[in-house]
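Okay, so here's the structure we're looking at.
So this is what it looks like as structure tokens:
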């Protein structure tokens, strides 16, 4: 599972501190906050919190910041998937994940550790984008050559529409919050 930070969701450090501890489930926090002034300072606070909580910490879209924050890896937007092999070679211990929105992007991301396929459902973070739907997303994930996690509109109401075993896991922005 992965929590994606987002400016709309509030303070990511507070959100991570409220996450329940889950035995036997690998949890990652993917730090986006691309346009936040002082992104590095917030990222350091979040990285420290993740280490304290035993969570993997990935920086989205900025390998240099990931190195400075001693992150566990990097999450690449779809337009940066060309960087996967180089990052895996330069940082063999890193987790490298990729954002994918269609079957061709999943094929390009095959060297990553995993891909987040989105949007599976209607989501506020990609307003106006037609969702893939769980069946179409599953067909893409089944054909992919890497573990695929569902992303986009995943919450306590939509999660039940994903059949167990169709994806390697899921990611969410606000799906970990109770209504």
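Numbering (the UniProt record's numbering), first residue to last: 1 to 179.
Using N, Cα and C, we set each Cβ at its ideal position, and we do this for glycine too.
Since we're looking at a predicted model, the values are computed, not measured.
Beta-ladder partner(s) of residue i, from DSSP
i           : result
residue 30  : 4, 58
residue 169 : 149
residue 76  : 98
Cβ neighbours of residue i in the same chain (closer than 6 Å, five flanking residues each side left out)
i           : result
residue 179 : Caution is warranted here: a pLDDT of 41 is assigned to residue 179, below 50, making its placement in the model unreliable, and no coordinate value can be reported.
residue 77  : 61, 99
residue 66  : 59, 74
residue 105 : 78
residue 213 : This structure does not reach residue 213, given that the chain is present from 1 up to 179, and the question cannot be answered.
Where the alpha helix (DSSP H) through residue i begins and ends
i           : result
residue 232 : With the chain running from 1 to 179 in the structure shown, residue 232 is simply not present.
residue 115 : From DSSP, residue 115 is part of no alpha helix (DSSP H) but of the beta strand (DSSP E) over 114 to 117.
residue 154 : Premise fails: residue 154 is in no alpha helix (DSSP H) and is neither H nor E.
residue 138 : 134 to 143
residue 15  : 12 to 18
Element boundaries [beta strand (DSSP E), containing residue i]
i          : result
residue 91 : Looking at the DSSP string, residue 91 is not in any beta strand (DSSP E), and its letter there is neither H nor E.
residue 46 : Unbroken run through residue 46 is the alpha helix (DSSP H), 39 to 53; no beta strand (DSSP E).
residue 69 : First-last for residue 69: undefined, no H or E at that position.
Member of the options whose CA lies at the smallest distance from the CA of residue i
i           : options           : result
residue 3   : 35, 103, 116      : 116
residue 111 : 147, 164, 163, 28 : 147
residue 28  : 123, 106, 74, 130 : 74
residue 68  : 88, 41, 18        : 41
Same chain, Cβ closer than 7 Å to residue i, five either side skipped, listed in chain order
i           : result
residue 103 : 140, 143
residue 87  : 63, 74, 94, 96
Alpha-carbon spacing of residue i relative to residue j, whole angstroms
i           : j           : result
residue 134 : residue 55  : 27 Å
residue 63  : residue 131 : 29 Å
residue 123 : residue 85  : 30 Å
residue 101 : residue 167 : 15 Å
Cβ-based neighbour list, residue i, same chain, cut-off 8 Å, excluding 5 preceding and 5 following
i          : result
residue 70 : 47
residue 82 : 108
Contact test: residue i Cβ vs the ligand SAM heavy atom, cutoff 8 Å
i          : result
residue 38 : With respect to the ligand SAM, the structure shown offers nothing to examine, as it has no ligands at all.
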